[in-house]
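Order-wise, the sequence lines are chains A and B.
Counted from 1, the first sequence has number 68 at position 49 by my numbering; the numbering is strictly sequential.
Counted from 1, the second sequence has number 74 at position 50 by my numbering; the numbering is strictly sequential.
Just so it is clear, CB atoms sit at the ideal spot from N, CA and C, and this is done for glycine as well.
Quick caveat: nothing in here was measured; it's all calculated off a predicted structure.
A quick write-up on the structure given underneath.
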Amino acid sequence: MVRGDLSDMRPLSLAFACSLLAVAAHAQSATPGGMPPPPGMSLAQSAAMRFPQPVRVGSLIGRDVLRPVESQDVLGRVRRVIRDQNGQIMVVVDFGGFLGFGSRPIAVPVDAMVLLGRDMEIVALTPDQLRQFPTFSPAGATDVPDDTMIKVGLAKPSH
Amino acid sequence: MRSPFRPGVVPDAAVLDDHRPLIRSLERRSLIRGGFSLGALVMLTGCDVRRPEAVESALLAISRFNDTVQAWLFDPNKLAPTYPASMILRPPKFNAYYDVTQVKPVNGNSWRLEVSGLVSDKRSWTLSDLQALPQTSIVIKHICVEGWSYIGGWTGVPLRVFLERVGADLRAKYVAFKTADDYPSSIDMASALHPQTLLALQYGGETLADPFGFPMRLRMAVKLGYKNPKWVTAIEVTNSYTGGYWESLGFPWFAGI
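Now the structure itself:
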């Protein structure tokens, strides 16, 4: 006797099965997002591969900065966007800490970061590397005005 | 003491291992995964979980049943919420079944939109042909099955206008899409004719950028994000089910919101 098709199912088990399936979906990735740049490639080159899009600097302030892993750990939050002594655009991130306490500002090259919807992600540096970064010092840095448009690369979500 | 409710003969626990890929593909939260116990599987399949194909066909039958219910619940005149233009996220969020570095931009000058199936005019369309049709702008929420969302502003040709223009049989069941990134998709005719379903050409008042589907993508307010193919190259009006990329991997086809 052929069993297991829908007609065999009693109404109660059908309803239960439907309730399971109603919420059961997950757009898993065929390829992961936010992979680090290939070895030997400069940050600028790797950022260029991520289809940089114009974004208003003021809209970046306060965004969560995530780690490109499935759990999307929050590494910190964007505090300001600056131009350093060399003219490089850097994103100052309140890094580390716990529940907002104990974090310290570090300056991350914008080309090491991507836009992920309303969040940002650091794709080219590991948390261990970021921990070695010196605490940001405002000397020699100038703030990039809020209404400036800069270009930042993209990535797909890492989950 | 042995539970009085425990059946005398229990199925082999290896059944769960046999279906691990399928269960993982359906999970959303580990809580739900936890709910997918052996007992639930037994209920799904009328107590014969020893046959893997029985489990899979039961799960897919339920998914199709859900599609039918959703299609029945769908109100073609009910509009999805819209938002002020100030809430548009610029740029929008990128997503695909591959990362952004694999995006292959489409040349808008040589791009053509093929039209086939149950239509009276099968001539192909250029980008400027589409730009010459009446345009509509909407600010709607993009809701992904993964759990995230953002508000986006889209401008383009209502699919209904396009289908009427090509003389499509509006009683047909499906409108199917092919794309430059090999991401086939298809939707029901009622959703295709919904006023918030666009062949989108612009985002935030500017030409669509390459990663978001230039020159043309589908953008609809009444379905989940994965029902919005980018870089559309062909539209077919048909009565044959053609499915889609994620649908062939077990995702629900109707995917209404």
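Proximity below 7 Å, CB of N107(B) to CB of V163(B) = The residue you asked about is not Asn; residue 107(B) is Tyr in the sequence shown. Against a cut-off of 7 Å, the Cβ pair of V163(B) and Y107(B) comes out as a contact.
Buried versus exposed call for F275(B) [16 or more other C-beta atoms within 10 Å across all chains shown] = buried
request  = Count the other C-beta atoms from every protein chain shown that fall within 10 angstroms of the C-beta of Y265(B), then say buried if there are 16 or more, exposed otherwise.
outcome  = exposed
key: Near-chain A residues of the segment 105-127 of chain B - C-beta to any C-beta below 9 Å   = L113, R114, P115, P116, K117, F118, N119, A120, Y121, Y122, D123, V124, T125, Q126 and V127
request  = For P51(A), go through chain B and note every residue whose CB falls closer than 9 Å to its CB, in chain order.
outcome  = D123
query = Tell me the DSSP bridge mates of Q226(B)?
reply = T179(B) and T231(B)
task = Could you have a look at F117(A) and say whether DSSP puts it in helix, strand or coil?
result = strand
key: Where the alpha helix (DSSP H) containing T106(B) begins and where it ends   = Careful: T106(B) lies outside any alpha helix (DSSP H) and carries neither H nor E.
inquiry  = Would you say D234(B) lies against chain A (beta-carbon separation less than 7 Å)?
reply    = yes
ask   = By Cβ distance below 7 Å, which residues in the same chain neighbour P51(A) in space, the five residues on each side in sequence not counted?
value = S177
ask   = In the DSSP assignment, what are the bridge partners of K165(B)?
value = I175(B)
message = Judging by CA-CA distance, which residue of M60(A), D138(A) and L79(A) is the nearest neighbour of A174(A)?
response = D138(A)
CA-to-CA distance, G280(B) to F120(A), given in whole angstroms = 42 Å
ask   = Does the beta carbon of Y269(B) sit closer than 7 Å to a beta carbon anywhere in chain A?
value = no
request  = Count the C-beta pairs between the segment 222-235 of chain B and the segment 178-197 of chain B that are closer than 8 Å, then say yes if the count reaches three, no if not.
outcome  = yes
task = May I ask you to report which of helix, strand or coil DSSP gives W255(B)?
result = coil
key: Residues that R75(B) bridges to, as DSSP identifies them   = Answer by DSSP bridge pairing: none, since R75(B) is not bridged.
ask   = Do the segment 99-106 of chain B and the segment 152-166 of chain A touch if we need at least three Cβ pairs shorter than 8 Å?
value = no
request  = Below 8 Å on the Cβ atoms is my guess for W289(B) versus P239(B); work out the distance and round it to an integer in Å.
outcome  = Past the boundaries of the shown model lies residue 289(B); chain B is included only from 25 to 281, so the question cannot be answered.
query = Is it right to say P129(B) is buried, meaning 16 or more other beta carbons lie within 10 angstroms of its own, or is it exposed?
reply = exposed
query = Quick one, are the C-beta atoms of V17(A) and V129(A) less than 7 Å apart?
reply = What is shown of chain A runs 20 to 178, which leaves residue 17(A) out entirely.
query = Which chain B residues are close to G136(A), counting only those with a beta carbon under 7 Å from its beta carbon?
reply = L113, K117, W172 and Y174
request  = Indicate whether at least one CB of chain B lies closer than 7 Å to the CB of M68(A).
outcome  = yes
task = Grab the span of the alpha helix (DSSP H) containing D147(A) for me, first residue to last.
result = P146 to R150
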